[in-house]
Amino acid sequence: MTISLIIPALNEEKYLPETFASVKKMDRHPDEIIVVDAQSEDKTATIATSFGAHVVTVDRRSIGYSRQKGLEAATGDIVAYTDADTVLPTNWLSTIVSHMEKDHAVGVFGGFRVPDGPWWYRAYINGIQPITNSIIYTLFKIPFATGQNMAFYRRNALSAGGFPVDFKIAEDIEIARRVMSTGRVVFRQDFFVVASGRRGYEGFWQLISRSFSAFFYYFIYRRADKIGFPNLR
């Protein structure tokens, strides 16, 4: 089976080279790499091209839209998603393929950890979040998926409707729920990637308020087109 690696990006010239460096070290390489560039104002597109990626430029800065355009551009049997500030483990794709082949899964959704950021953010992401996500999935079968670490069969995602293009947040949770409707998925919080902790610098109360409002709106109305994360450099 073939694999397309899809990376949405916006002004990520600082972090993107490290992401590509981790891709080169993997024991299973993707058959194609697609960087979906939301009109970056730095060297993101140039860096992506230098690493052999196919750059798809989009005119909307919505994470749901970027992920969907990557899905539409992909040619692989499996689409694997990560972010442009993420370091992938060497066995990332081989583990995903193993689950899909041996467990007959249509999707694999993992977690993430952060090595930096404010102490409270690291404590939450690295300690509390994996536990709460596992409990919620076990009890309610709601996958708090993360866009840095997910993969599924392209045909299943397309047949389920793909990504919600107007979503500014929670597009990863929504696609996981849609893919779940087409077959068995694997949800593992102990299978993680390492991402930047810079989101924590927004501030404790600002991040809590933003996240609570966005997810409350999503779980009540199944929409997430009002509130999103700020663009980062």
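In this note's numbering, the protein residues as written are -1 to 231.
Note that the Cβ used here is the ideal one computed from N, Cα and C, for glycine as well.
Keep in mind that this is a model prediction, so the values were computed, not measured.
- Collapsing the DSSP output to three states places F227 in coil.
- V21 sits in a helix when the DSSP states are folded into three classes.
- DSSP places I4 inside the beta strand (DSSP E), whose first and last residues are 1 to 7.
- Sequence-distant Cβ neighbours of I140 in its own chain, meaning closer than 8 Å and more than five residues away, are I134, I171, R175.
- The Cβ-Cβ distance between W118 and M24 does not fall below 8 Å.
- Around the beta-carbon of G125, fewer than 16 other beta-carbon atoms lie within 10 Å, marking it exposed.
- The beta-carbon distance between V104 and G195, rounded to whole angstroms, is 31 Å. This is too long to meet the 8 Å contact definition.
- Distance from the CA of L3 to the CA of Q146, rounded to the nearest whole angstrom, comes to 11 Å.
- Listed in chain order, the non-local C-beta contacts of Y215 below 8 Å within the same chain comprise R221, A222, K224, I225, local neighbours out to five positions each way being set aside.
- Burial is judged here by how many other beta carbons sit within 10 angstroms of a residue's own beta carbon; A121 has fewer than 16 and is exposed.
- In this model, S20 and P87 are separated by some 7 Å (Cα to Cα).
- Contact check for V183 and F107: beta-carbon distance about 6 Å, within the 8 Å limit, so the pair qualifies.
- Nearest Cα to A43 within the set K22, A7, V77: A7.
- Residue range 169 to 178 is occupied by the alpha helix (DSSP H) that includes D170.
- Secondary structure in the stretch 112 to 175: the alpha helix (DSSP H) runs of 4 residues or longer, each lying completely within the stretch, are 117 to 121, 127 to 138, 152 to 157 in chain order.
- Inclusion of I167 and F227 in the CB contact set at 8 Å is warranted, their separation being smaller than that value.
- A Cβ-Cβ separation of about 6 Å places A193 in contact with V112 under the 8 Å criterion.
- Contact between I32 and A82 does not hold, since their C-beta atoms are separated by about 12 Å, which reaches or exceeds 8 Å.
- Between the beta-carbon of E169 and that of I61 there is about 6 Å, and that keeps the pair under the 8 Å contact cut.
- Looking only at L69, K41, D188, the smallest Cα-Cα distance to I1 is reached by L69.
- Scanning D29, N154, V34 for the CA closest to the CA of L14 turns up V34.
- Note: E30 is bridge-paired with S2 in the DSSP secondary-structure output.
- Annotation: R65 to M148 spans about 12 Å, alpha carbon to alpha carbon.
- Taking C-alpha positions only, F49 is separated from T17 by approximately 11 Å.
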